[in-house]
Amino acid sequence: MKIMIVGNGGREHALLWRLAGDKPGADFFITRGTPGTESLAKNIDVAPTDVEAVVTAAAELETDLVVVGPEVPLAMGLVDRLGESGIAVFGPVAQAAKIESSKVFAKQLMQRVGVPTAAFETFTDMEKALDHVEAGPEACVVKADGLAAGKGSLVCHSREEARRAVELIMGERAFGEAGQETLIEELMTGEELSLLALTDGKNILPLAPSQDHKAVGEGDKGPNTGGMGAYAPVLITPRTLVEEIVSTTMEPVVAELARMGTPYRGCLYAGLMICGGKPKVIEFNCRFGDPESQAVLPLLEGNLAELMMEAAAGSLDGARVSTRPGAAVCVVMASGGYPDSYRKGKKITFFSELKDREDIVVFHAGTARSGEEVVTAGGRVLGVTGLGEDVIKAAQRAYEGVDAISFEGMYCRRDIGYREINRLKAMRDNEIS
């Protein structure tokens, strides 16, 4: 069997790692891989966003399955082109991927089928958007319509912040054409949750619920990033709540996309706010989350490769997934200055304490080779995942892994999973008392 991974970040390394474990006899290929993927897959010198080059490479290799990691090639229609060439692919077609590539499309779809989400208004005129800010509530969220690498949603707690967000997105075009249309929506309060699910356009198989830490600073302070860490599972998400999320948010969306003639096949990601015990959708993404995948995939019970093949073929009928006992915590090691400007090319040292640790997995995100050395090549450099019987133990092991790696200017949050850790400690204190 031949499997190609499109993408080269931490999520793609995690997918490759998991698939290689499920299909040890298969041949794996990855587009412009990192030093971390060298032992698992053959590198293909093709940019993930070069749609025609990816299709050509997949055809020449006679690939049995292509797994598309990032949202940009999905939005560009890579799945459509692979399908036209008769190549099996895990991921949604471009029109279905609009669930992420256009927040306006997603919100209007949710509104149409009754998915619970924040109230919103859309604008193409900056002055009208500013007028809405003046007339609306003090707190709101201002979002660029298009793709913005996870940074296009600005949470505002005052009209001054909201005005500045509108000017940044629509006036200064901080996110380029993504800000041509802008949403302003109510600020929901509660606890955030991520739920990833495999779907073939009909059946939906939810994976372990997880929680992402988007803010750069501890205590969830500072600007949003692509994600500074994640953990799974989450105590506030019993099976009954997962079932409610699937039935009230995912099933209506998947059914509507099928009705529209663009069945959604791939991984559907729901970013949620739990408000008074009830789930509301913040956003949908059209692919595996990053860094949520680095926490969720090690806990998946089942053969991911087979499930992806079945999803791509539209034949997940009767398939099942479950979650292994225990927990996983992923801590992102970032370049100093991220998410703003940062330097690349810093040597990364991996100390011997990491050797033979089955409870610590290091996923490469922004790394490269410089001669014999591994060096930094991005803002988010590594994702260090610790495994343990609960989130407390998993976090301890993740930080043991972090402390066994060094590069100049390295930054990471030291509180990943803090809400869950506090919940567990409170539960144990109550049991003792």
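When we follow our numbering, the leftmost residue of the sequence shown carries the number 3, and every step to the right adds one. By construction, the Cβ of each residue, glycine as well, lies at the ideal position given by its N, Cα and C atoms.
Short Cβ contact (9 Å threshold) for residue i with residue j
i: V334; j: R382; result: yes
i: A146; j: G181; result: yes
i: N226; j: G173; result: no
i: A43; j: I32; result: yes
i: E294; j: A232; result: yes
i: L195; j: P211; result: yes
i: M3; j: A22; result: no
i: G71; j: A96; result: no
i: G219; j: S337; result: no
i: S103; j: G154; result: no
i: E54; j: R83; result: yes
Bridge-paired residues (DSSP) for residue i
i: V334; result: G385
i: T201; result: I206, G268
i: E402; result: Paired residues: none, contrary to the question.
i: H366; result: L384
i: E193; result: I276
i: A329; result: G390
i: A146; result: T184
i: V157; result: V143
i: D214; result: A232
i: D29; result: K4
i: E123; result: I186
i: S408; result: T351
i: F92; result: V69
As assigned by DSSP and simplified to three states, the class of residue i
i: V377; result: strand
i: L237; result: coil
i: N305; result: coil
i: P37; result: helix
i: N432; result: helix
i: I350; result: coil
i: R1; result: This structure gives no information on residue 1, because the portion of the chain shown stretches from 3 to 435.
i: I423; result: helix
i: I284; result: strand
i: K2; result: With the chain running from 3 to 435 in the structure shown, residue 2 is simply not present.
i: K357; result: coil
i: V70; result: strand
i: I46; result: strand
i: S249; result: helix
i: R83; result: helix
i: S343; result: coil
i: S317; result: coil
i: R416; result: coil
Reference residue i, options the options, closest by Cα
i: G263; options: I247, G231, G203, E102; result: G203
i: G403; options: A61, V70, F353, L306; result: F353
i: A260; options: T250, K280, G316; result: G316
i: V364; options: S372, R399, G347; result: R399
i: A329; options: R322, M429, L237, A28; result: L237
i: A121; options: K105, E129, M128; result: K105
i: A379; options: G368, E73, L301; result: G368
i: I5; options: V53, P37, A90; result: A90
i: F409; options: P75, K349, A176; result: K349
i: A307; options: F92, Q113, T191; result: F92
Min CB distance residue i to chain D below 9 Å
i: G278; result: Annotation note: the requested chain D is absent from the structure, which comprises a single protein chain.
| Should the region 303-319 be called in touch with the region 378-392, which here means at least 3 C-beta pairs below 8 Å? | A contact is defined here as three or more CB-CB pairs under 8 Å, and the region 303-319 fails this definition with respect to the region 378-392.
*asked:* Could you check whether the region 8-27 touches the region 291-305, counting it as contact only if at least three pairs of C-beta atoms, one from each stretch, sit closer than 8 Å?
replied: Three or more Cβ pairs drawn from the region 8-27 and the region 291-305 lie within less than 8 Å of each other, which places the two stretches in contact.
Inter-stretch contact at 8 Å, needing at least 3 Cβ pairs: the region 240-258 / the region 271-291: By the C-beta criterion, the region 240-258 is judged to be in contact with the region 271-291, since at least 3 inter-stretch pairs fall below 8 Å.
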